[in-house]
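Chains as they are written, first to last, in the numbering used here: chain A, 39 to 252; chain B, 221 to 405. By construction, the Cβ of each residue, glycine as well, lies at the ideal position given by its N, Cα and C atoms. A quick note: this is a predicted structure, and the numbers were derived from the prediction, not measured.
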């Protein structure tokens with residue numbers, strides 16, 4: 039076939055249009071978050087003292103600041119990854135450093151309020167298994183939605199784009215889970231939350247490398 | 221025309237195309253194919269590629285640009301977006317040939333030749349895939365590509381609705397992109 043022939047076909051196909059990929063990316067992340075929020079409320083529920091701790095507990099606030107420090111930069115990387123020239127590599131230091139700085143600050147603060155002998159019990163509080171299970175579970179809907187959105191896009195690096203979707207999804211899941219989990223000590227969430235988040239990020243990268251080629 | 225002016229014109233044409241202006245899109249695609257030839261030829265200068273193979277790559281890039289045109293952020297310059305897609309496809313193609321993809325990124329849209337003679341060159345990949353389509357889809361693709369008919373004319377000729385013709389064509393184009401995918405390691 040000659041290139042002029044192909045141009046005929048492409049020109050006629052102008053009528054089939056798709057919404058801008060940045061919009062699709064936004065909507066997908068929002069839908070995923072809403073589904074997971076609904077699942078959380080319908081199953082294990084939100085803690086009863088949420089409003090009280092949100093206004094009074096610095097530990098709780100630090101926990102949410104941490105999960106948002108994961109989620110917000112990941113969202114921008116994810117959105118950029120959908121475009122072929124988006125090149126989100128420049129944002130990678132922020133994505134890695136910001137949550138670590140918050141964690142270090144949280145643990146540093148907790149050192150001043152907790153006696154060393156209690157740390158072991160706090161880290162191994164019975165909640166840890168639930169935390170490890172629920173964060174990946176609540177990541178499923180956002181991960182499916184964001185990977186779908188990226189498939190509509192044209193990611194230059196499918197593995198990195200999948201990782202960004204995984205990080206965003208687990209960040210959203212961790213933020214939601216934080217409203218259920220009553221283990222607020224930075225010693226607890228600095229150990230367990232990053233494990234769930236890292237696992238989902240790796241899963242996202244693995245799926246991305248397979249399904250995001252175009 | 222310098223690079224800035226051409227990019228501005230292409231952005232304008234592409235915006236009109238996204239709004240449904242077929243004539244603007246045709247102009248954009250024709251210009252684009254002329255600009256892509258030297259770029260692809262240069263990217264493939266290390267491998268011995270026949271003119272028809274270069275044409276195949278140009279067509280693959282154009283198809284990708286078409287199917288992914290909603291990934292262009294209209295507030296940003298169109299040149300880097302085009303080059304990113306071209307580069308991605310060229311690297312895939314070089315890998316398919318067992319070469320490491322080393323395609324320069326910058327300034328490649330600067331090279332443009334007084335084209336035209338490529339119009340007569342046949343590429344083979346597209347044709348091979350389209351031959352595998354079922355009867356009606358193939359008839360539609362053939363009438364639109366080679367005979368240059370409009371969707372409405374084809375619809376009238378085949379006793380279908382215009383929408384059905386467009387849907388069938390779009391499916392065939394997606395099948396084509398998919399087929400390129402499957403050629404990859």
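Any chain B beta carbon closer than 9 angstroms to residue i
{"i": "residue 76 of chain A", "result": "no"}
{"i": "residue 45 of chain A", "result": "yes"}
{"i": "residue 58 of chain A", "result": "yes"}
{"i": "residue 149 of chain A", "result": "no"}
{"i": "residue 109 of chain A", "result": "no"}
{"i": "residue 249 of chain A", "result": "no"}
{"i": "residue 152 of chain A", "result": "no"}
{"i": "residue 126 of chain A", "result": "no"}
{"i": "residue 101 of chain A", "result": "no"}
{"i": "residue 239 of chain A", "result": "no"}
{"i": "residue 64 of chain A", "result": "no"}
{"i": "residue 168 of chain A", "result": "no"}
Buried/exposed call for residue i, threshold 16 Cβ in 10 Å
{"i": "residue 232 of chain B", "result": "exposed"}
{"i": "residue 234 of chain B", "result": "buried"}
{"i": "residue 171 of chain A", "result": "exposed"}
{"i": "residue 213 of chain A", "result": "buried"}
{"i": "residue 156 of chain A", "result": "exposed"}
{"i": "residue 130 of chain A", "result": "exposed"}
{"i": "residue 86 of chain A", "result": "exposed"}
{"i": "residue 162 of chain A", "result": "exposed"}
{"i": "residue 372 of chain B", "result": "exposed"}
{"i": "residue 354 of chain B", "result": "exposed"}
{"i": "residue 275 of chain B", "result": "buried"}
{"i": "residue 167 of chain A", "result": "exposed"}
{"i": "residue 209 of chain A", "result": "buried"}
{"i": "residue 241 of chain A", "result": "buried"}
{"i": "residue 334 of chain B", "result": "Note on residue 334 of chain B: pLDDT 49, under 50, position unreliable in the model; no value is reported."}
{"i": "residue 105 of chain A", "result": "buried"}
{"i": "residue 40 of chain A", "result": "buried"}
{"i": "residue 223 of chain A", "result": "buried"}
{"i": "residue 223 of chain B", "result": "exposed"}
{"i": "residue 375 of chain B", "result": "buried"}
{"i": "residue 200 of chain A", "result": "buried"}
{"i": "residue 109 of chain A", "result": "buried"}
{"i": "residue 144 of chain A", "result": "buried"}
{"i": "residue 158 of chain A", "result": "exposed"}
{"i": "residue 345 of chain B", "result": "buried"}
{"i": "residue 388 of chain B", "result": "buried"}
Cβ-Cβ separation, residue j to residue i (assumed contact under 8 angstroms), whole Å
{"i": "residue 44 of chain A", "j": "residue 365 of chain B", "result": "6 angstroms"}
{"i": "residue 58 of chain A", "j": "residue 390 of chain B", "result": "Not really, about 18 angstroms apart at Cβ, beyond 8 angstroms."}
{"i": "residue 196 of chain A", "j": "residue 71 of chain A", "result": "With 8 angstroms as the limit, residue 196 of chain A and residue 71 of chain A do not qualify as a contact, their Cβ atoms being about 23 angstroms apart."}
{"i": "residue 188 of chain A", "j": "residue 120 of chain A", "result": "5 angstroms"}
{"i": "residue 164 of chain A", "j": "residue 238 of chain A", "result": "Wrong, their Cβ atoms sit about 23 angstroms apart, outside the cutoff."}
{"i": "residue 244 of chain B", "j": "residue 236 of chain B", "result": "4 angstroms"}
{"i": "residue 114 of chain A", "j": "residue 67 of chain A", "result": "Actually they are not in contact, since the Cβ atoms of residue 114 of chain A and residue 67 of chain A sit about 11 angstroms apart, beyond 8 angstroms."}
{"i": "residue 397 of chain B", "j": "residue 194 of chain A", "result": "About 17 angstroms; that fails the 8 angstroms criterion."}
Beta carbon proximity, residue i to chain A, threshold 9 angstroms
{"i": "residue 260 of chain B", "result": "no"}
{"i": "residue 357 of chain B", "result": "no"}
{"i": "residue 354 of chain B", "result": "no"}
{"i": "residue 222 of chain B", "result": "no"}
{"i": "residue 343 of chain B", "result": "yes"}
{"i": "residue 271 of chain B", "result": "no"}
{"i": "residue 232 of chain B", "result": "no"}
{"i": "residue 313 of chain B", "result": "no"}
{"i": "residue 389 of chain B", "result": "yes"}
{"i": "residue 316 of chain B", "result": "no"}
{"i": "residue 242 of chain B", "result": "yes"}
{"i": "residue 310 of chain B", "result": "no"}
{"i": "residue 346 of chain B", "result": "yes"}
{"i": "residue 334 of chain B", "result": "Below a pLDDT of 50, predicted positions are generally treated as unreliable, and residue 334 of chain B, at 49, falls in that range; the measurement from the model is reported next regardless. No, because no Cβ of chain A sits closer than 9 angstroms to the Cβ of residue 334 of chain B."}
{"i": "residue 263 of chain B", "result": "no"}
{"i": "residue 480 of chain B", "result": "With chain B covering only 221 through 405, there is no way to say anything about residue 480 of chain B."}
Reference residue i, options the options, closest by Cα
{"i": "residue 360 of chain B", "options": "B:382, B:343 and B:348", "result": "B:382"}
{"i": "residue 293 of chain B", "options": "A:80, A:177, A:124 and A:102", "result": "A:124"}
{"i": "residue 299 of chain B", "options": "B:244, B:256 and B:263", "result": "B:256"}
{"i": "residue 203 of chain A", "options": "A:215, A:226, A:178 and A:159", "result": "A:178"}
{"i": "residue 50 of chain A", "options": "B:309, B:342, B:263 and B:367", "result": "B:367"}
{"i": "residue 342 of chain B", "options": "B:266, B:278 and B:246", "result": "B:278"}
{"i": "residue 315 of chain B", "options": "B:285, B:393, B:249 and B:264", "result": "B:264"}
{"i": "residue 47 of chain A", "options": "B:399, B:401, B:386 and B:398", "result": "B:386"}
{"i": "residue 183 of chain A", "options": "A:116, A:134 and A:41", "result": "A:116"}
{"i": "residue 226 of chain B", "options": "B:282, B:396, B:271 and B:247", "result": "B:247"}
{"i": "residue 245 of chain A", "options": "A:114, A:136, A:205 and A:230", "result": "A:205"}
{"i": "residue 147 of chain A", "options": "A:232, A:64 and A:228", "result": "A:228"}
{"i": "residue 100 of chain A", "options": "A:69, A:221, A:153 and A:198", "result": "A:221"}
{"i": "residue 60 of chain A", "options": "A:107, A:84, A:75 and A:118", "result": "A:118"}
{"i": "residue 284 of chain B", "options": "B:351, B:260, B:238 and B:309", "result": "B:309"}
Could you pull out every unbroken alpha helix (DSSP H) segment of at least 4 residues lying fully inside the segment 331-391 of chain B, listed in chain order? Taken in chain order, the whole alpha helix (DSSP H) runs of length 4 or more contained in the segment 331-391 of chain B are 345-351, 355-365 and 371-378.
If you scan the segment 105-177 of chain A from start to end, which runs of the alpha helix (DSSP H) of 4 or more residues do you find wholly inside it? Counting whole runs of 4 or more residues, the segment 105-177 of chain A contains the alpha helix (DSSP H) stretches 130-151 and 154-161.
Closer than 7 angstroms, Cβ to any Cβ of chain C: which residues of the segment 378-402 of chain B, in chain order? Annotation note: the requested chain C is absent from the structure, which comprises protein chains A and B.
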